[in-house]
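The C-terminal position of the sequence shown is numbered 363 in our numbering, with every residue numbered one higher than the one before it. Yeah, the Cβ is synthetic: ideal placement off N, Cα and C, and Gly gets one too.
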Amino acid sequence: MPVIELRRLRRKKVIRDWVSRTELHPRNFILPYFVVGGEAVKEPIESMEGVYRLSIDNLLKDIREAYRLGIRSILLFGVTETRDESGSEAYRENGLVQRAIREIKQEFSEERGMDLIVITDVCLCGYTSHGHCGVVEKQKTEGRGQKTEDGSQRSASVICHPSSVFCPPSSVRIDNNATLPLLARIALSHAEAGADFVAPSAMMDGQVGAIRKTLDSNGWNHVGILAYSAKYASNFYGPFREALGSAPRFGDRKSYQMDFRNPDEALREIAADIEEGADIVMVKPALAYLDIIHRARNAFRVPLAAYNVSGEYSLVKELSRGDPEREQALGLEILTAIKRAGADIIITYYAKEAARWLSRE
């Protein structure tokens, strides 16, 4: 007979619940939304079954349902065809996200006894013609020139323009310092519309500090910053980029998003954001980066969020193949793992479904 019988603590559900040490609750979830213009729009996203691009009227309907399920936090992404090199639509006073914030805050107001936290993504990729998260430098690159008399090739210096699909990846450079004022301007426009938190995701050095300074100097010191601090150049973003139409037209984002081979850099990024004034820090993606979440939890005593991204969501959909019980089991296991690793807050497209699943347990 074994001296220690650990199975005694697994014998009944009530006992397992006693010692679980990890508990999911709808209050831990942030539900992302993709907002589009128009009315009565509910456009399915092909690679994300059950997720839609919603016009503001349908967005309000969906938020009402989420609120009834106990979800109290949402994250807004704007989807627009109006784009230019500097992403000016992102900070327009009457832009799509700005209008959505105002209407949400009007309906879900504290005066009505509602307490809904509205968070807004602050980036340029969904608003720029080139699909990058910042201002792309125009730069010279070596091209093919004319042949010399001896038949050799003379190189020619040509301009690689940001809107050109012929820019090679190696020529893509983001002007960090030129991007910061634009990100701050977006954040300010969201704060003025009524956002509770702004969430800078461009991975520009100094973005949190620039936004904090701008918000404070304009009287919005009560608006928080949820920083995408450790955002990796991941292959799990594909469905999201389809939803937002934000894939780069040329090159990639590896020069500003993090290398997934480097765990130590995450702690440096998080520490920098905290120093600049971040109220909450984030690790993105979540499932393949549980070690990073755990390291961040042990290293920092600040609220920690993790983004259960679109590729992770689609993976569960594919594995469950229409079996609701299997989908629930997979979904809750992944969300529990993220919470167990140390996340206080989970951004997930499964927020509503998870709230329903938890209410039945």
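Here G226 carries a strand assignment [DSSP, helix/strand/coil]. Taking each of Y351, R10, I176 and K233 in turn and checking the Cα distance to D266, the smallest one comes out for K233.
With a threshold of 16 other beta carbon atoms within 10 Å, I58 meets it and is buried. Taken in chain order, the complete beta strand (DSSP E) segments of 3 residues or longer contained in the region 77-138 are 119-124. Beta-bridge partners of L306 (DSSP): V283. In the DSSP secondary-structure assignment, E45 is bridged to R55. Note that the region 61-78 touches the region 29-40; at least 3 beta-carbon pairs, one per stretch, sit closer than 8 angstroms. Secondary structure note for L269: it is in no beta strand (DSSP E), and the uninterrupted alpha helix (DSSP H) holding it is D266 to E278. Within the same chain, L33 and K354 come within 6 angstroms of A68 by CB-CB distance, once the 5 residues on both sides are set aside. Annotation for C135: C125, L126, C127 and A204 place their beta carbon closer than 6 angstroms to its own, counting only its chain and skipping 5 residues before and after.
Secondary structure at Y234: strand, using DSSP grouped into helix, strand and coil. Taking the CA atoms as reference points, L190 sits about 49 angstroms from K15.
In the DSSP annotation of this structure, the continuous segment of the beta strand (DSSP E) that includes V37 starts and ends at F31 to V37. Segment contact: the region 300-313 against the region 341-360, three or more CB-CB distances shorter than 8 angstroms; contact assigned. Judged by beta-carbon spacing, V137 lies within the 9 angstroms limit of A180, meaning their Cβ atoms are closer than that value. Under the three-state reduction of DSSP, V200 is assigned to strand. Taking A102 as reference, the option from D123, S88 and G89 with the minimal CA-CA separation is D123. Per the DSSP secondary-structure output, D207 pairs with nothing in a beta bridge.
In the three-state DSSP reduction, I295 falls in the helix class (H, G or I). T216 sits in a helix when the DSSP states are folded into three classes.
Between R23 and R342, the C-beta spacing is below 9 angstroms. Apart from the 5 residues on each side of it in sequence, I17 sits with its Cβ closer than 7 angstroms to the Cβ of L11 in its chain, given in chain order. Taking Y93 as reference, the option from L334, A288 and L182 with the minimal CA-CA separation is L182.
If the five residues before and after S131 are omitted, its C-beta is found closer than 6 angstroms to the C-beta atoms of R85, D86, E87 and S165, all from its own chain and listed in chain order. The shortest CA-to-CA distance from L228 to any of G72, E25 and I121 is the one to I121. Only residues of its own chain outside the window of five on either side were considered, and among them L62 have a CB closer than 7 angstroms to the CB of E109, listed in chain order.
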